[in-house]
Structures are given as structure tokens and as C-alpha cells.
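Peer 1: There's a structure below that I have some questions on.
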Amino acid sequence: MAGGEVGVTLGQPHLSRQDLATLNVTKLTPHSHEVISRQATINIGTIGHVAHRKSTVVKAISGVHTVRLKNELERNITIKRGYANAKIYKLDDPSCPRPECYRSCGSSTPDEFPTDIPGTKGNFKLVRHVSFVDCPGHDILMAMMLNSAVVMGAALLLIAGNESRPQPQTSEHLAAIEIMKLKYILILQTKIDLVKESQAKEQYEQILTFVQGTVAEGAPIIPISAQLKYNIEVACEYIMKKIPVPTRLYF
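Quick note on UniProt numbering: the sequence shown kicks off at 1 and runs consecutively.
So, in C-alpha cells, the structure goes:
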């Protein structure tokens, strides 16, 4: 505790102040600004086949590059679990259409900041703080992925749009979250910038068939390009609307 103030969080003064002298901790919820300003309230796993842009998606949403080790960078794959927090904001101007009214930033970003979208007014306000668990996709690292699944409250299942059918680790990762009885899943059809519209639509139908009878049946399928940050706002909106925050005690 800096400055000798017991029970007061003084680090990062641009975030919500946590003062136990004035804060009624029994009324804190997963949506309280005193909570989400400084900590993530749900773990979301990124799962799928190797090289399907899991780490790139995490970076596009959080700004954090989870591939850090020398051998990871050399091979451009995730070997160790990666972690990254992200804040999701919504613009308080009702005239701003979705999904442009949603935005994601790093966890040290202030809880509120002015809009920079032409023709809009108001502020982007913090609505969710999430933590991503970036799982390895390579077959020899399946045990690492299974360990990662234990801490997930939801998952983003990534399927590359430039491949004709789901790949082996995609099936294995889906089976893993089936075993874990994970309920909240979003499917991201990645690399959409590398394919024609007709090919993307054809693969969309293949994905629907692939997830039939699994925990991912009925999950939203969002076409994105993590490299170009295309439809990242849509992914943020669906994280907000389709993935509830687990109920926990925050005191």
C-alpha cells in the first residue's frame, strides 16, 4: 500500500479507486466498476488447430503478443500457454451503430475515454474485462491444451477460412471442451481476407455440419481477419452479449 493508506489501492490512479473504508464489498458484483477496472472476471480460451491465428486474435483484441519465447518466435507457434487481459468498451452514443460502438483495449486503459469516431459524441465506457488463455494448437502439445481447458469459463474456437474442412486439432480441442462441459463458445472463421466470398460461404456450411451434435452447435460463427482487425468489434460484441460472467464473491 503506497503512502501508508491501509486498504486503498493507489497504483494506476487513472483506474477506479478501491478504498475499503468507503467500499461496501458485500455489494460487489462481476460488473462493478471497482472490480472490472482492475481485474478480469472471466477466462476465455482460444482453441483450434495450429496456425489458425489464435495468438493473432488475442493480440488484435488485447494488444498483447502472447508468443514471446525464442523458439516460439522462430517457429511462429504457441508452445507455452499465453495470457492476455483485455477491456471491452461500448460507446454511450445511441446513434452509433453496432458493431462500431464496441471497442477493445489493453487492461491498463482508463475506464472511460472520449469517442474518436467521426459524427459521434460521448465516451467509450468499460463494460467487460476478460482474460484470454492462448492454448497451443500443435498435436504434440495437446496435454498443455487440456490443462488450459480447466481454467476456461468460455472459448473462442478458431477455424481457418482458407482450409476446406476442420483440421485434426480442431476436432480434438472441440472434444476437450465437450469433456469439460464448457457451455459458452464463439466460433471465429479466421483468415477471411485470404478467400473469396463463395469459398467463405461454402466453408461456413461445413462448419455448421462439423459442430452438429456438439457443445458448439448453435454457437455464433463470426468471419474475421485478425491480421487486418476486420470484424474484431463484432467479436467483442458477441463476447459481451453471449458470454456471461461467472458469479463469484469479490471480497
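Yeah, the Cβ is synthetic: ideal placement off N, Cα and C, and Gly gets one too.
1. In three-state DSSP terms, what is aspartate 193?
2. With a floor of 4 residues, list each alpha helix (DSSP H) that falls wholly inside the segment 156 to 183, ordered by position along the chain.
3. Keeping to the same chain, check which residues put their C-beta closer than 6 Å to that of arginine 103; ignore five residues upstream and five downstream.
4. Take alanine 154 and list the residues in its own chain whose beta-carbon comes closer than 6 Å to its own, dropping the five residues that flank it on each side.
5. Rounded to whole angstroms, what is the Cα-Cα separation between threonine 29 and glutamate 163?
6. Measuring only the C-alpha atoms, how far is histidine 14 from proline 110?
7. What does the Cβ neighbour count give for leucine 69, buried or exposed, with the cut at 16 atoms within 10 Å?
8. Could you tell me the distance, in whole angstroms, from the CA atom of leucine 157 to the CA atom of glutamate 100?
9. Do you know how far the Cα of leucine 126 is from the Cα of asparagine 25?
10. Which partner residues does asparagine 24 have in the DSSP bridge list?
11. Does the separation of the CB atoms of isoleucine 36 and histidine 129 fall below 8 Å?
12. Can you tell me which of Ile232, Phe210 and Cys135 puts its alpha carbon nearest to the alpha carbon of lysine 191?
13. The beta strand (DSSP E) that contains residue 290, what's its start and end?
Peer 2: The answer reads as follows:
1. As a position in the sequence shown, residue 193 is number 193, starting the count at 1. Looking at aspartate 193 - three-state DSSP - the assignment turns out to be helix.
2. 168 to 179
3. What you label residue 103 is simply residue 103 of the sequence shown in a count that begins at 1. Here the set comprises Tyr89 and Phe124.
4. In the sequence shown, residue 154 corresponds to position 154, counting from 1. Closer than 6 Å at the Cβ level, and outside the excluded window around alanine 154, lie Ile44, Tyr184 and Ile243.
5. Your numbering for residue 29 matches position 29 in the sequence shown. Your numbering for residue 163 matches position 163 in the sequence shown. So the two alpha carbons sit approximately 42 Å from each other.
6. Stepping through the sequence shown from its first residue, residue 14 is reached at position 14. Stepping through the sequence shown from its first residue, residue 110 is reached at position 110. In a straight line, the C-alpha of histidine 14 is about 6 Å away from that of proline 110.
7. Walking along the sequence shown from the start, residue 69 turns up at place 69. Its pLDDT being 47, under 50, leucine 69 is placed unreliably by the model, and nothing is read from it.
8. Taking the sequence shown and counting its residues from 1, the one referred to as residue 157 is at position 157. Taking the sequence shown and counting its residues from 1, the one referred to as residue 100 is at position 100. Taking the straight line from one Cα to the other gives about 23 Å.
9. Numbered from 1 along the sequence shown, position 25 holds the residue referred to as residue 25. Numbered from 1 along the sequence shown, position 126 holds the residue referred to as residue 126. For the record, residue 25 in the displayed sequence is valine; it is not asparagine. Distance between the alpha carbons of valine 25 and leucine 126: 20 Å.
10. Locating residue 24 in the sequence shown gives position 24, where the first residue counts as 1. BP columns for asparagine 24 are empty, so no partner.
11. In the sequence shown, counting from the first residue as 1, residue 36 sits at position 36. In the sequence shown, counting from the first residue as 1, residue 129 sits at position 129. Cβ distance < 8 Å, so isoleucine 36 and histidine 129 count as in contact.
12. Taking the sequence shown and counting its residues from 1, one reaches residue 191 at position 191. Taking only the C-alpha atoms, the option nearest lysine 191 is Ile232.
13. The question about residue 290 has no answer here: the residues shown for the chain are numbered 1 through 251.
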